[in-house]
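Note sheet for the following structure.
Dropping the structure here:
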């Protein structure tokens, strides 16, 4: 009887786990924000959950990081949460983006209720972003009467970045932020190639 042979894990690259923090924007202020911890219905968790965000964690990352920063948009305070990951070299960015688009489409007419780490609850309507998404990006918005969030998910090579920006009137320009996030991924991939 033959013994099963151990199969080596795919390598991690071109971006290494040690570079995961370099995927974060230079604006990171600290690691602690009031993250969205739970989402109902669970099938829509990818569009809103920031604690173990499904678009990031469902692909078994080799390394993860995240951070938080405040800014203003049109004179209104906005908070931004970032979640990033590096994967093995067989990670399919195209599959991750297609899955995110599919979940966003399936949850487009579904109110989602989120509860933050500090127990605050919001019920959002999920909307596609009004501006077109850059290649390798998915953009969407979460809308309610007093708190609105604009979101992005980008994936390329063996890395992914998700950002949620929330404020009374909405968040940052996610199309521009997605372009910047993709530039950070490309710069890291090019530096190790």
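In the UniProt record's numbering, the protein residues as written are 1 to 193. We put the beta carbon where it would ideally sit given N, CA and C, even for glycine.
request  = Measure the alpha-carbon distance for residue 15 versus residue 181 and round it to whole angstroms.
outcome  = Rounded to whole angstroms, the gap between the alpha carbons of residue 15 and residue 181 is 14 Å.
task = Go through its chain and collect everything with a Cβ distance to residue 90's Cβ below 7 Å, but skip five positions before and after it.
result = Excluding sequence positions up to five before and after residue 90, its CB lies within less than 7 Å of the CB of 10, all in the same chain and listed in chain order.
request  = State the DSSP-derived secondary structure class of residue 107, mapped to helix, strand or coil.
outcome  = Residue 107 falls in the coil class under three-state DSSP.
key: residue 94 (DSSP reduced to helix, strand or coil)   = Secondary structure at residue 94: helix, using DSSP grouped into helix, strand and coil.
Residue 65 versus residue 25: straight-line alpha-carbon distance, rounded = So the alpha carbons of these two residues sit roughly 11 Å apart.
task = Indicate whether residue 160 and residue 37 have their beta-carbon atoms separated by less than 8 Å.
result = Residue 37 is positioned such that its CB atom lies no closer than 8 Å to that of residue 160.
ask   = Between which two residues does the beta strand (DSSP E) containing residue 144 stretch?
value = Membership of residue 144 in any beta strand (DSSP E) is not indicated, and neither H nor E is assigned to it by DSSP.
ask   = Can you round the beta-carbon distance between residue 56 and residue 162 to whole angstroms, since I take them to be within the 8 Å contact cut?
value = Taking C-beta atoms under 8 Å as the contact rule, residue 56 and residue 162 qualify, at a distance of about 6 Å.
key: Straight-line Cα distance separating residue 63 from residue 110   = Going from the Cα of residue 110 to the Cα of residue 63 covers about 32 Å.
inquiry  = Within 10 Å of its beta-carbon, does residue 150 have 16 or more other beta-carbons around it, so buried, or fewer, so exposed?
reply    = Buried is the call here.
key: Other residues of its chain near residue 103: CB distance less than 6 Å, five sequence neighbours each side excluded   = Sequence-distant Cβ neighbours of residue 103 in its own chain, meaning closer than 6 Å and more than five residues away, are 46.
query = Counting along the chain, where does the alpha helix (DSSP H) carrying residue 54 start and finish?
reply = Taken as a continuous stretch (DSSP letters only), the alpha helix (DSSP H) holding residue 54 covers 54–57.
inquiry  = Could you compute how far the alpha carbon of residue 134 sits from the alpha carbon of residue 35?
reply    = Taking the straight line joining both Cα atoms gives about 26 Å.
inquiry  = Looking at the strands, I want to know which residues DSSP matches up with residue 77.
reply    = According to DSSP, which records beta bridges pairwise, residue 77 is partnered with 72.
task = Look at residue 171 and residue 39 and say whether their C-beta atoms are less than 8 Å apart.
result = No, Cβ-Cβ distance for residue 171 and residue 39 is not below 8 Å.
task = With a cut-off of 8 Å on the beta carbons, I'd call residue 177 and residue 152 a contact; round off their distance for me.
result = Distance from residue 177 to residue 152 at the Cβ level is roughly 6 Å; contact confirmed, criterion being Cβ atoms closer than 8 Å.
query = Do the CB positions of residue 164 and residue 50 come within less than 8 Å of each other?
reply = Yes, the Cβ-Cβ distance between residue 164 and residue 50 is below 8 Å.
key: Contacts around residue 52, its chain only, beta-carbon distance under 6 Å, and the 5 residues preceding and following it disregarded   = Here residue 52 has no same chain residue with a Cβ atom under 6 Å from its own Cβ, once five neighbours each way along the sequence are excluded.
ask   = Taking 7 Å as the cut-off, is the CB of residue 18 close to at least one heavy atom of the ligand COA?
value = The ligand COA is not part of the structure shown, which contains no ligands of any sort.
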